[in-house]
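Asks: Order-wise, the sequence lines are chains A and B.
The opening position of the first sequence corresponds to residue 1 in the working numbering, with each subsequent residue numbered one higher.
The opening position of the second sequence corresponds to residue 115 in the working numbering, with each subsequent residue numbered one higher.
All residues carry an ideal CB built from backbone N, CA and C; glycine is no exception.
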Amino acid sequence: EAGVAQSPRYKIIEKRQSVAFWCNPISGHATLYWYQQILGQGPKLLIQFQNNGVVDDSQLPKDRFSAERLKGVDSTLKIQPAKLEDSAVYLCASSLGTGPSGAFFGQGTRLTVV
Amino acid sequence: GEDVEQSLFLSVREGDSSVINCTYTDSSSTYLYWYKQEPGAGLQLLTYIFSNMDMKQDQRLTVLLNKKDKHLSLRIADTQTGDSAIYFCAERDDMRFGAGTRLTVKP
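1) Spatial neighbours of K44 (chain A) within its chain, please: CB distance less than 8 Å, with the 5 preceding and 5 following residues excluded, ordered by chain position.
2) Using 8 Å for Cβ pairs, my map puts S87 (chain A) next to H29 (chain A). What's the rounded Cβ distance?
3) I believe R216 (chain B) touches D192 (chain B) by the beta-carbon criterion, under 8 Å. Please report the beta-carbon distance rounded to the nearest angstrom.
4) Could you run through the region 69 to 87 of chain A and flag, in chain order, every residue whose CB is less than 8 Å away from some CB of chain B?
5) Quick one: what's H103 (chain B) bridged to in DSSP?
6) Would you list, in chain order, the members of the region 182 to 210 of chain B that have their beta-carbon closer than 9 Å to a beta-carbon of chain A?
7) Compute the distance between the beta-carbons of T98 (chain A) and F21 (chain A), then report whether it is under 8 Å.
8) Flag Y138 (chain B) as yes if its beta-carbon sits less than 8 Å from any beta-carbon of chain A, otherwise no.
9) Say the cut is 7 Å; is the CB of V54 (chain A) nearer than that to a heavy atom of the ligand HEM?
10) Determine the burial state of Y90 (chain A): buried for a count of at least 16 other Cβ atoms within 10 Å of its Cβ, exposed for fewer.
11) Would you call the CB atoms of V114 (chain A) and I12 (chain A) closer than 8 Å?
12) Measure the C-alpha to C-alpha separation of D197 (chain B) and T218 (chain B) and round it to an integer number of angstroms.
13) Alpha carbon to alpha carbon, how far is Q158 (chain B) from G72 (chain A)?
14) Give me whichever residues DSSP pairs with N24 (chain A) in a beta bridge.
15) Just tell me which of A:F49, A:G102, A:E14 has its CA closest to the CA of T76 (chain A).
16) In or out: Y147 (chain B) buried (at least 16 other Cβ within 10 Å) or exposed?
17) Nearest chain B C-beta to Q17 (chain A) closer than 8 Å, yes or no?
18) Return the residues of the region 163 to 183 of chain B that lie within a Cβ-Cβ distance of less than 8 Å from chain A, sorted by chain order.
19) Between which residues of its own chain and E128 (chain B) is the CB-CB distance below 7 Å, once the five residues before and five after are set aside?
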């Protein structure tokens, strides 16, 4: 079974530029999560989708961050414009949404804003 | 995430047992999980426990659940250097994480 795929693995941008991250969840997983993990901290949940609907985006900085999950499969997370404090690893995870299986994580995208 | 509490650091010697503790918030969660994160990697699901159980054993891992106190623990028997990582607990219905516990295993 293929895991959660994320791209790119690394991205360096200047502040005020825009950036987008892509996630392809495990096939059949209804729930998709985006997390931000700043160095030395635990992952912070940004947004949770159930199929293509948003379940929780209470911690998403909506003035600059946006996310969508078209057709309930792939998802993109965008930052526009980026700030220095957005430097972090952005993790995507997916789960079946039912039963005991937890969330499976991708390798993440490391973003550096200079 | 803010309401899941774990001690930040744990250091043990190779071959000893490690016990990592977690206090969670949502007593209605059906499942509770332990994740492991190695440097530069995403989180790896280690094990889970159903909320109506108080113990689950999975090879070297033992999970203990005290629902009354909302306390979850992970015991690693015969800890190896490859177990050095950050460990996170999470609840099924609220996939938020605390800061995690950094386990260091000394040879």
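Replies: Walking through what the data contain:
1) By 1-based counting over the first sequence, the position of residue 44 (chain A) is 44. Closer than 8 Å at Cβ, skipping near neighbours: Y35, Q36, Q37, I38, Q59.
2) The sequence position of residue 87 (chain A) within the first sequence is 87, counting from 1. The sequence position of residue 29 (chain A) within the first sequence is 29, counting from 1. About 28 Å separates the beta carbon of S87 (chain A) from that of H29 (chain A), a gap too long to meet the 8 Å contact definition.
3) Within the second sequence, numbered from 1, the residue matching residue 216 (chain B) stands at position 102. Within the second sequence, numbered from 1, the residue matching residue 192 (chain B) stands at position 78. Actually they do not touch by this definition, with Cβ atoms about 20 Å apart.
4) The residues in question: there are none.
5) In the structure as shown, chain B starts at 115 and stops at 221, and residue 103 (chain B) therefore has no counterpart that could be examined.
6) Of all residues in the region 182 to 210 of chain B, I200, F202, A204, R206, D208, M209, R210 have a Cβ within less than 9 Å of some Cβ in chain A.
7) To locate residue 98 (chain A), count along the first sequence from 1; it is residue 98. To locate residue 21 (chain A), count along the first sequence from 1; it is residue 21. Contact flag unset, no.
8) On the second sequence, residue 138 (chain B) is found 24 positions in, with the first residue counted as 1. For Y138 (chain B), the answer is no, since every Cβ of chain A falls outside 8 Å of its Cβ.
9) Among the components modelled here there is no ligand, and therefore nothing to report on the ligand HEM.
10) Reading the first sequence from its first residue, position 90 is the one you call residue 90 (chain A). By the 16-neighbour rule on beta-carbons within 10 angstroms, Y90 (chain A) is buried.
11) Taking the first residue of the first sequence as position 1, residue 114 (chain A) is located at position 114. Taking the first residue of the first sequence as position 1, residue 12 (chain A) is located at position 12. Yes, the pair counts as a contact, with Cβ atoms nearer than the cut-off.
12) Working through the second sequence from its first residue, we reach residue 197 (chain B) at position 83. Working through the second sequence from its first residue, we reach residue 218 (chain B) at position 104. D197 (chain B) and T218 (chain B): Cα-Cα distance of roughly 8 Å.
13) Residue mapping note: residue 158 (chain B) aligns to position 44 of the second sequence, counting from 1. Residue mapping note: residue 72 (chain A) aligns to position 72 of the first sequence, counting from 1. Cα to Cα, Q158 (chain B) sits roughly 23 Å from G72 (chain A).
14) Within the first sequence, numbered from 1, the residue matching residue 24 (chain A) stands at position 24. For N24 (chain A), which the question treats as bridged, DSSP gives the partners A:A5.
15) As a working mapping, residue 76 (chain A) is identified with position 76 in the first sequence. The residue with the shortest Cα to Cα distance from T76 (chain A) is A:F49.
16) As a first step, residue 147 (chain B) is located in the second sequence; it is residue number 33 there, counting from the start. Sixteen is the threshold: when 16 or more other Cβ atoms of the shown chains lie within 10 Å of the Cβ of Y147 (chain B), as they do, the residue is buried.
17) As a position in the first sequence, residue 17 (chain A) is number 17, starting the count at 1. Output row for Q17 (chain A): interface = no.
18) Within the region 163 to 183 of chain B, the qualifying residues are F164.
19) As a first step, residue 128 (chain B) is located in the second sequence; it is residue number 14 there, counting from the start. Correct list, in chain order: T193, Q194, T195, V219, K220, P221.
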